[in-house]
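Numbering (my numbering), first residue to last: 119 to 262. C-beta: ideal position from N, C-alpha, C; glycine also. All of these numbers come straight from a predicted model, not from anything done at the bench.
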Amino acid sequence: MIRKNSGYIGWSKSKRAAEAEAEGKLPLSRAISAVASSAGVTRRQARAALLAVGPCEWHHTSGWARKTDYYSIATAVRYLRLAPVAAALDALGDWRGRVSQVLLAVQTLGLHERLAAATAIFSEIAAASGYHVNEVEDAYYYLG
């Protein structure tokens with residue numbers, strides 16, 4: 119016998135939607151408050167960050183199996199932390215282009231040589247900007 123509504127918790131959301139919420143992913147209306155609280159920003163800034171990073175998945179909600187986008191709280195908070203770093207680095211010039219050139223130029227080298235070249239260029243940019251090398255690297259890979 120197949121149970122009616124076996125993929126739902128009550129009539130409001132799917133079981134996978136509940137799992138996503140347990141992992142820190144929420145619908146936009148609820149994610150805004152969570153990001154604002156976690157990042158210490160306004161609701162407007164939190165909403166802008168969530169829309170900038172976009173939804174990470176969608177789930178069925180409501181008794182009519184409506185498709186609802188879910189957003190990652192951690193991703194939006196990370197975006198809010200890295201966006202000022204990237205903006206400050208942009209003031210230094212084409213830092214992203216410099217990193218890309220170095221990484222493209224060393225593609226034929228071995229892994230250790232490529233890592234050394236990447237570390238060197240990130241360290242150079244970090245020294246010029248005053249940011250930690252990890253922040254520069256995160257801004258490059260995460261914000262592109």
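- request: Quick one: give me the first and last residue of the alpha helix (DSSP H) that tryptophan 213 is part of.
  value: Numbered from its first residue, the sequence shown carries residue 213 at position 95. That run of the alpha helix (DSSP H) goes 213-223.
task: Give the DSSP-derived three-state secondary structure of threonine 237 in the structure shown.
output: For the purposes of this step, residue 237 is taken as the residue at position 119 of the sequence shown. Of the three classes helix, strand and coil, the one that applies to threonine 237 here is helix, per DSSP.
task: Could you spell out where the beta strand (DSSP E) holding proline 145 opens and where it closes?
output: As a working mapping, residue 145 is identified with position 27 in the sequence shown. Here the beta strand (DSSP E) through proline 145 covers 143-145.
- prompt: Got a sec? Which residues, its chain only, sit under 8 Å from leucine 210 by beta carbon, not counting five neighbours each side?
  reply: Along the sequence shown, read from residue 1 onward, the residue named residue 210 stands at position 92. Around leucine 210: Ile243, Ala246, Ser247.
field: Collapsed DSSP secondary structure at tyrosine 189 in the structure displayed
entry: Stepping through the sequence shown from its first residue, residue 189 is reached at position 71. It is a strand residue.
task: Just tell me which of Phe240, Tyr189, Ala206, Gln163 has its CA closest to the CA of arginine 148.
output: For the purposes of this step, residue 148 is identified with residue 30 of the sequence shown, where counting begins at 1. Minimum Cα distance to arginine 148 is reached at Tyr189.
query: DSSP three-state call for serine 132: helix, strand or coil?
result: Position 14 of the sequence shown, counting from 1, holds the residue named residue 132. If DSSP states are grouped into helix, strand and coil, serine 132 belongs with the strands.
query: Quick one: what does DSSP say histidine 250 is sitting in, helix, strand or coil?
result: In the sequence shown, counting from the first residue as 1, residue 250 sits at position 132. It is coil, neither helix nor strand.
- prompt: If we ignore side chains and look at the alpha-carbon of each, how far apart do alanine 167 and alanine 194 end up?
  reply: Taking the sequence shown and counting its residues from 1, one reaches residue 167 at position 49. Taking the sequence shown and counting its residues from 1, one reaches residue 194 at position 76. Each residue's alpha carbon lies about 6 Å from the other.
task: Determine, using beta carbons only, whether glutamate 175 and alanine 138 come nearer to each other than 8 Å.
output: Translated into positions along the sequence shown, residue 175 becomes position 57. Translated into positions along the sequence shown, residue 138 becomes position 20. Taking 8 Å as the Cβ cut-off, glutamate 175 and alanine 138 qualify as a contacting pair.
query: What number of angstroms, rounded off, separates the C-alpha of glycine 172 from the C-alpha of lysine 143?
result: Position 54 of the sequence shown, counted from the start, is the residue given in the question as residue 172. Position 25 of the sequence shown, counted from the start, is the residue given in the question as residue 143. Whole-angstrom Cα-Cα distance: 12 Å.
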